[in-house]
Each structure stands twice: as C-alpha cells, then as structure tokens.
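Contents: one structure, followed by commentary.
2 protein chains.
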Amino acid sequence: MSAEFKIGVLGAGTVGSAFAGLLQERASEVQSLTGRTPVLCGVLTRDKGSFPEILAEAELIVELIGGIEPAREYVLRSLTAGKHVVSANKQLLSQHGEELFEAASEHGAQLRYEAAVAGVVPVIRVLSESLAATRIERIHGIVNGTTNFILTEMERGASYEQALAEAQRQGYAEADPSDDVSGRDAAAKMAILARLAFGAPVRLDQVPYEGIEHLQSDDLRYARELGLGLKLIGTAERLNGGLSVRVHPAFLYAGHPLASVSGPFNAVTVESDAITEITMSGPGAGGVQTASAVLGDLVSVMLTPAAKIPPATSFELLGDVRSAFYIHMEVADRPGVLGTVAHLLGDVGASIKSVAQWGLGDNARLVMVIHPLEESRLRSALARIAELDFLHSTPRAIRVIEEEFV
Amino acid sequence: MSAEFKIGVLGAGTVGSAFAGLLQERASEVQSLTGRTPVLCGVLTRDKGSFPEILAEAELIVELIGGIEPAREYVLRSLTAGKHVVSANKQLLSQHGEELFEAASEHGAQLRYEAAVAGVVPVIRVLSESLAATRIERIHGIVNGTTNFILTEMERGASYEQALAEAQRQGYAEADPSDDVSGRDAAAKMAILARLAFGAPVRLDQVPYEGIEHLQSDDLRYARELGLGLKLIGTAERLNGGLSVRVHPAFLYAGHPLASVSGPFNAVTVESDAITEITMSGPGAGGVQTASAVLGDLVSVMLTPAAKIPPATSFELLGDVRSAFYIHMEVADRPGVLGTVAHLLGDVGASIKSVAQWGLGDNARLVMVIHPLEESRLRSALARIAELDFLHSTPRAIRVIEEEFV
Numbered sequence: 106m107s108a109e110f111k112i113g114v115l116g117a118g119t120v121g122s123a124f125a126g127l128l129q130e131r132a133s134e135v136q137s138l139t140g141r142t143p144v145l146c147g148v149l150t151r152d153k154g155s156f157p158e159i160l161a162e163a164e165l166i167v168e169l170i171g172g173i174e175p176a177r178e179y180v181l182r183s184l185t186a187g188k189h190v191v192s193a194n195k196q197l198l199s200q201h202g203e204e205l206f207e208a209a210s211e212h213g214a215q216l217r218y219e220a221a222v223a224g225v226v227p228v229i230r231v232l233s234e235s236l237a238a239t240r241i242e243r244i245h246g247i248v249n250g251t252t253n254f255i256l257t258e259m260e261r262g263a264s265y266e267q268a269l270a271e272a273q274r275q276g277y278a279e280a281d282p283s284d285d286v287s288g289r290d291a292a293a294k295m296a297i298l299a300r301l302a303f304g305a306p307v308r309l310d311q312v313p314y315e316g317i318e319h320l321q322s323d324d325l326r327y328a329r330e331l332g333l334g335l336k337l338i339g340t341a342e343r344l345n346g347g348l349s350v351r352v353h354p355a356f357l358y359a360g361h362p363l364a365s366v367s368g369p370f371n372a373v374t375v376e377s378d379a380i381t382e383i384t385m386s387g388p389g390a391g392g393v394q395t396a397s398a399v400l401g402d403l404v405s406v407m408l409t410p411a412a413k414i415p416p417a418t419s420f421e422l423l424g425d426v427r428s429a430f431y432i433h434m435e436v437a438d439r440p441g442v443l444g445t446v447a448h449l450l451g452d453v454g455a456s457i458k459s460v461a462q463w464g465l466g467d468n469a470r471l472v473m474v475i476h477p478l479e480e481s482r483l484r485s486a487l488a489r490i491a492e493l494d495f496l497h498s499t500p501r502a503i504r505v506i507e508e509e510f511v
Numbered sequence: 106m107s108a109e110f111k112i113g114v115l116g117a118g119t120v121g122s123a124f125a126g127l128l129q130e131r132a133s134e135v136q137s138l139t140g141r142t143p144v145l146c147g148v149l150t151r152d153k154g155s156f157p158e159i160l161a162e163a164e165l166i167v168e169l170i171g172g173i174e175p176a177r178e179y180v181l182r183s184l185t186a187g188k189h190v191v192s193a194n195k196q197l198l199s200q201h202g203e204e205l206f207e208a209a210s211e212h213g214a215q216l217r218y219e220a221a222v223a224g225v226v227p228v229i230r231v232l233s234e235s236l237a238a239t240r241i242e243r244i245h246g247i248v249n250g251t252t253n254f255i256l257t258e259m260e261r262g263a264s265y266e267q268a269l270a271e272a273q274r275q276g277y278a279e280a281d282p283s284d285d286v287s288g289r290d291a292a293a294k295m296a297i298l299a300r301l302a303f304g305a306p307v308r309l310d311q312v313p314y315e316g317i318e319h320l321q322s323d324d325l326r327y328a329r330e331l332g333l334g335l336k337l338i339g340t341a342e343r344l345n346g347g348l349s350v351r352v353h354p355a356f357l358y359a360g361h362p363l364a365s366v367s368g369p370f371n372a373v374t375v376e377s378d379a380i381t382e383i384t385m386s387g388p389g390a391g392g393v394q395t396a397s398a399v400l401g402d403l404v405s406v407m408l409t410p411a412a413k414i415p416p417a418t419s420f421e422l423l424g425d426v427r428s429a430f431y432i433h434m435e436v437a438d439r440p441g442v443l444g445t446v447a448h449l450l451g452d453v454g455a456s457i458k459s460v461a462q463w464g465l466g467d468n469a470r471l472v473m474v475i476h477p478l479e480e481s482r483l484r485s486a487l488a489r490i491a492e493l494d495f496l497h498s499t500p501r502a503i504r505v506i507e508e509e510f511v
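So the protein sequences, as listed, match chains A and B.
For the first sequence, the residue numbers in our numbering are 106 to 511.
For the second sequence, the residue numbers in our numbering are 106 to 511.
As structure tokens, then:
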C-alpha cells in the first residue's frame, strides 16, 4: 500500500462535492502518476469541522469557500504552516494576491489557482509554465461565461432582460447578477492574469471595468450585419512602457480568435512576438469542470517542488487608452445634424472611418466608426454632443478591436 | 553570479538559430525563474562539433536534427547518461517513443517534446499535467499547418494545385510536400497525443491516414454553402472499449471549435466528461514559435524533478469506425440513377440523411449525406456504385463530424 497524501477541503458547495466525487473516481490514476494515494482527511462547512484540526492533518488545503473572509485567514494560516493550497477564489487572489504569494514563498508552500480564472481552460498553467520565460505583449480574454451567454442570446435576437432571465433559468447567472454583468468579475480575473503575465501586482480596485448592462439588441444586430463579434473583453497589455488592464465590451473583427466563442464559454488569447498568439477556450464554469481544474492543480502540487514565484515588477498603470470606437446616436432627422456631430468629433482629433444613417420617421439612427484615439478625448466630444438639442438619447460608444495579426 | 545550466544543441537549422537567439534574449528571465543561468555549451552541426564532448558537458540536450537516425542514437545516449532531453522530433517520438520513455524513466532523466506537436500550442503540457488525472474520451486536432493553409486557400476558390503552389511560395510547404498532404505528418502527431492521453503505445505505422490530395474545390464550395468547415482532422478516441487513432479530411458543423481555424494554424480539442471540452490553437510552425516551445520545456526541466511517465496501457486499436459521410458522384442525368444508388446504399444498411442533385448538360452531380455507419460497409457499397455504367468518375466520400456537445 502506497503512502497517503492528505487533503483538507474548505467549503462544501457544488464544487466541493464534485471534487470529492472526482477525487474518489480518479484516485488510482493520481496514485500511478504521483506514487501516493490522495485521501480526504476533512471537510470544513459552515456547521461542521474544525479548521485547526484539518490544518494539522492535511498536507494540502483546497479552498472553495469564496469571498474574502474567512477564506483569506484560512489560506494565510495554511501557507504559513507550510501547507500547500489550491484555491478557486478569484476575489481573494485579485485583492490579496501579493500577501498570499509572499507567505507561500517564505514558507516553501505552493499556491495554485487554475480554477480561479476561466474554469478548466488551463490559462494559469500555460502562463506560469509554458510561457514563463516569454515576453508577453497582450492578453485578451472572455473570462466571464455569464455575460458571454447573455450576449450570445442577444445576438440571436433576445433583449438584455430576456437574455438575463434565460441565463438565470439555466443556472448561468445568479439571482443578483451584478458582479458578472458589471464586468467586476472579469476585472478580478484580468488582475490575476496581469500578475502572472507581466509580474505586475495589479489589484482589482486598479482595473477599470465597464459591463454589458447598457448594450442593446441593436448593437448586436449591427455587429452581425458588419460581420463583427460583440463580446465583453478583458485586456492586459504593455503600452508605452506601462501597462493597461481593463474590461469593456468590444467589437471584434470576424477573424479574431475570440469572435467565434459563444454561449457560456471562456477563452483567452495570449500574444507575444515569439509565439504570435495562442488561444485557449472551454467551459467557463460548472461544478465538475472547476473540480477538474482543482484536481489538475492537486496532481501538480504532488509532483512539483514549490515553483519560485517571480518577484513583482512595478509598472505604470495606464488609464487613458487609445482605441477605435463605434458610436450609436439617435438624432432628429433634419439637415445639419451629421455636420455638427462630425465637427465636434473633429475638434478633439477624432477621425471618422465610416458612417451610416437610417431614417425612422422623425428620428434617425446615426452609427459611426472612429479611428483610434484616446478614450478621454472621445468622452469629451460625446459630452458636448449629448447636450445638442437634436439628440434623442445619450450617445453610446463601444470599443472596436481591429485586425492586427494577419 | 548564479550557477550555470549547460545546454547542448543538436542541429543548427532555422529552429536551432532561433532558439540560440531566444535563449540569449530571455536568459535573465530564465535565471530569475529558476535560479540558474542557461548557457549554450555546444552546437552539433553536420560539419562541426563532437557529440561526446557536448554530451559530457551539458545537463540538457536540445535535439533539433529531425528524422530517425542519428537523432535516435543521440537522444538515447543522452537519456542513458542521465541527461535531460528536449526534442521537437515527431518522427522519432511516434516511432520509437516507448524506447525513449523507458530510457528516461530508468535513468531519471526528463524527456520533453512540446514542440513536436502543434508548435507553440501547449497541448503536450496540458495533456501531461493539467489533464494527467482526467479520463479523456476524445481528441480532435488540426495538427498540420500546411494542409490547413491549403484548405483555407481552396475555400477561397483556389484549386488544389494553386493552393499548394502558394503554400510553397510562402514557405508553408516543402518542395516535396508528400509527408504533409498525405496526412502522414498528422498521423505521427496523433500517435504521440494518443500515448499521452490514453497511455496507449501507438506507433505511426498503426495509424490509418488519408490526405487532402483528392479533395476538389467543389467539396470546399459545398462545405461553404452548407455552412460547414472542411479540415484535415486527426482523431484519437475511446470506442467500444478500444481505441481509434486516425487522420482524414472531415466536414465539421459550423459551431465546432475547429471549424473556424484557418490558415497555417493548428488547434486541438480535448473532450472528457469532467472538462466537457478544451480547445487550444495557435501557429503550427515557424522557427521562433518552435524555439519558444523548446524554451518553455527548458524552463520546466530546470524547475521540475523528473515526472513519472505513466505506464503504457494496452488497447485494442480499431480500424473500422462508424462515421457520417458526404458522398460526391458525377453521374449521367437520366431517370433511375438516384434509385439505383439509393438501393445499393440501402443494401449495406446506409441511411440517407439528405440528397441534392444538380444538372450539368448530360451530366449531373449527386451529393448525399449518409447517417453514421461503419466505413467498411460504405466502401463496399461505393465499390459496387463505381462499377455502374452511368458513373462518370469515381465516387468521393468524405467523413462528416456531427454536432454532439450542444
């Protein structure tokens, strides 16, 4: 009989029970890979179990509680005791990552967190191992399955409200969906990816994000007509010697590897001169998928000595980023409107790439695509445009990701 | 000054020089990740260098010679001497993998080969680490960039000959393209993936393959009209308690993750109950991309103790696999033709899903899609159909991959 490897689990929700089942089912494979048999030595729930007892017995703690406290305290105490930790907790890692990495490094413990970003899509492993020595230029990701499901439904003609209701019905959105639809969940994941890809200790509160609540079926319809995708995109990229990490909806040209990712899937594209680009995609969530990512981390902990965590590097975080924009306006259908709008855009240096106008009785829809310029400039022009008396609604601006790798 | 990690390189082609450049450029990152500075201690070319001297000095050998001999001898001698090996050699791994794995295992050396399959796409790492304990059901892959480039050109209207010439002009195809266009290169890669995913010691000569030489622009045109992709697909899957590993062109439904992979890209989809599916894609070749995959392996060797290679498992290799088929026939445009063809198909149990016929003067094109049945049955019906006097050319059959994960 081979030696045992004792595992304590914190949290007993969907993922926790899926993990317990998967561990039992795959124990003999883990044994043949690692030479030791994984054994659950304790599960901490709200009502049952003692953290100190589990900690004393386990070699590895799987943290599936979520949120900041008490997860932070338990993870820190585990690492400080030299116990390895596998966590699926994006909030914790995006807000207290440095503290945890330091504790792991100081006490020779491993901290692995594949399940915290993009579910079973192995982006954490690929960034931290395959691409560890690669100079990465940019990451684009669809890292929230709820919003991608909603946008896919809207592309098929549903309104935002209908799509959200359907996501809730199918279990892809929670009763309070604000963390997902606001872009905040994606922002936490992009902070984690930026730390890995660039060594930059970016915290969630430093990532500007914009959600999908203001998108309308029309925007999706135009996207389809123009052969574009419209997705909630997280970006982390080197820019002018600094770094920009942000989340916002964006139009993608049809050939972009993320443009065809639909439904509750996640996908991440990593770009660098040396690799050109790699895209990874798969289901973004689900109990058994998340449990599978945790199991992969468990095997790695059992096989690997503590990997060195590269020291954090400081970067200037950029807020005002150049981008192409699509602008949607509802205006009165009368002479001079287009000229006035074009004039105000010209004042801030915005150059118009294409323009289309549809009449709708007294109203017209005016849709423009603007060549790349700083967001702050566009916003100041839009503020002036919004004051014009022929505007029937606030102008909407959505970023456009243009073709670069051909 | 930190300790050195000495690397010997065998072969000095495009990848070799790209690797030397990348190693110099990224040496300080490798040092900060691993604590040791990587140093090239020797390069073996046709004219220069001594293998025994390089072997004596190096801790790790990078094998970029390609082909079987002398690569096999050098890799075996390196592993037997306890030296780690990073190889990009798909021929060697697909024909002599077991011998090499055994030598590595016996002498405590690591053998890594990310660059041998799908270039920089990290499929080897993900299968051998993230998914090591996962029960994988199926792998589908576009693992040959040359043929995918040719098919993409044909989709845009080029003939096979034009597309091949363009691939040669752009450096994606060699002067003698037969290894690529016959499917043999893809078959070698699928043998390697099958070993990793299922533990099955599959050799190249056990993998049936079919290439793209017989495809015609018409087939691509029909695919586009039907909203399907037509790709050269490698498959390795569990089937009836055995295993099927094979390579052939196949139609893919539009939503399949491989359907949108175009140009010289590679992509691999891994399916399992626990993960649903993961797809990874990126450029399939190129000197600097391959060098980047080698660098990733180098860092892993420096960080990791020798991973255990799971013992080989024996599987029955299946030859006759069920599949849906598209059939293309050129026939005389006269009554009774469709009935005769349908009758012969019915005799072998083939059930027709859809049929279309176009008149072309005295000729007609008859295109059918057949519900899944064993390939041997379809072939026997096609052999009888080919003998009919109203057939104007040999019928062509192409497999169809139907939607499964919805």
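Just so you know, even glycine gets a beta-carbon here, dropped at the ideal spot from N, CA and C.
Model, not experiment: these values are computed from the prediction.
Check your understanding: According to the neighbour-count rule (16 or more other Cβ atoms, all chains shown, within 10 Å of its Cβ), is A/K294 buried or exposed?
Key -> buried
Review point. By Cβ distance, which residues of its chain are closer than 6 angstroms to A/A461, with the 5 residues on each side in sequence left out?
Key: V472
Review point. Per DSSP, what kind of secondary structure is B/T119 in: helix, strand or coil?
Key: helix
Point to revise | Sub-9 angstroms separation of B/S386 and B/V226 beta-carbons | key: yes
Exercise for review: Could you run through the stretch 375-386 of chain A and flag, in chain order, every residue whose CB is less than 7 angstroms away from some CB of chain B?
Suggested key: A379, I380, T381, E382, I383, T384, M385, S386
**Study point:** Beta-carbon proximity check, A/K188 vs A/L169, cutoff 9 angstroms
**Key:** no
**Study point:** CB of A/V222 within 9 angstroms of CB of A/V190, strictly
**Key:** no
Point to revise | Contact between the stretch 142-157 of chain A and the stretch 188-208 of chain A (3+ Cβ pairs under 8 angstroms) | key: no
Check your understanding: Which residues in chain B sit within 8 angstroms of A/P388, going by Cβ to Cβ distance?
Key -> I380, T381, E382
Exercise for review: Taking B/A455 as the reference, give the member of B/E435, B/L487, B/D467, B/R217 with the closest Cα.
Suggested key: B/L487
Practice item. Alpha carbon to alpha carbon, how far is A/L149 from A/V114? Give it in angstroms, no decimals. Key: 6 angstroms
Exercise for review: For A/L344, decide whether its Cβ has a neighbour in chain B, counting only Cβ atoms nearer than 9 angstroms.
Suggested key: no
Check your understanding: What separation, rounded to the nearest whole angstrom, lies between the Cα atoms of B/D152 and B/T142?
Key -> 28 angstroms
Point to revise | For B/H497, the first and last residue of its enclosing beta strand (DSSP E) | key: Run containing B/H497: none; DSSP gives neither H nor E here.
Point to revise | Reference B/C146; option with closest CA among B/E109, B/S137, B/L138 | key: B/E109
Check your understanding: For A/A491, which of helix, strand or coil comes out of DSSP?
Key -> helix
Exercise for review: Taking only the alpha-carbon atoms, compute the straight-line gap between A/V511 and B/S365 and give it to the nearest angstrom.
Suggested key: Summary for A/V511: the model assigns pLDDT 29, below 50, so the residue's position carries little reliability; its value from the coordinates is reported in the next sentence. Each residue's Cα considered, the two are about 15 angstroms apart.
Practice item. Compare the C-beta of A/G360 with all C-beta atoms of chain B and state if any pair is closer than 9 angstroms. Key: yes
Point to revise | Beta-carbon contacts of B/V350 that lie in its chain and below 6 angstroms, excluding the five residues immediately before and after | key: M295, A299, V307, V312, A341
Check your understanding: Are three or more beta carbon pairs between the stretch 242-251 of chain A and the stretch 331-346 of chain A nearer than 8 angstroms?
Key -> yes
Review point. Between B/G391 and chain A, is there a C-beta pair that is closer than 9 angstroms?
Key: yes
Check your understanding: List, in order along the chain, the chain B residues whose C-beta lies closer than 8 angstroms to that of A/G401?
Key -> E234, S235, L236, A237, A238, T239
Review point. Which residues in the same chain as B/I173 place their Cβ atom closer than 8 angstroms to its Cβ, once the five residues preceding and following it in sequence are excluded?
Key: Q196, L197, Q200, H201
Review point. For the candidate residues B/E219, B/G466, B/I432, whose alpha-carbon lies nearest to that of B/D323?
Key: B/I432
Exercise for review: Step through the CB atoms of chain B and report whether any lies within less than 9 angstroms of the CB of A/T252.
Suggested key: no
Exercise for review: Could you confirm whether any beta carbon from chain B is found closer than 9 angstroms to the beta carbon of A/T409?
Suggested key: yes
Point to revise | B/V453 versus B/A429: straight-line alpha-carbon distance, rounded | key: 14 angstroms
Practice item. Evaluate contact between the stretch 368-384 of chain A and the stretch 439-454 of chain A, counting only Cβ atoms and requiring at least three cross-stretch pairs below 8 angstroms. Key: no
Check your understanding: B/G288 and B/E258: beta carbons closer than 9 angstroms?
Key -> no
**Study point:** Expected contact under 8 angstroms - CB spacing of A/L127 and B/A379 to nearest Å
**Key:** 6 angstroms
Point to revise | Residue(s) in a DSSP beta bridge with B/N468 | key: B/A437, B/L465
Practice item. Answer with yes or no whether the minimum CB distance from B/P440 to chain A is below 9 angstroms. Key: no
Practice item. For B/E109, decide whether its Cβ has a neighbour in chain A, counting only Cβ atoms nearer than 9 angstroms. Key: no
Exercise for review: Would you list the residues sitting across from B/Y358 in a DSSP beta bridge?
Suggested key: DSSP lists no partner for B/Y358.
Check your understanding: Apart from the five residues just before and just after A/S183, which ones in its own chain have a Cβ nearer than 7 angstroms to its Cβ?
Key -> L160, I166, V190
Point to revise | Cβ-based neighbour list, A/R482, same chain, cut-off 8 angstroms, excluding 5 preceding and 5 following | key: V453, G454, A455
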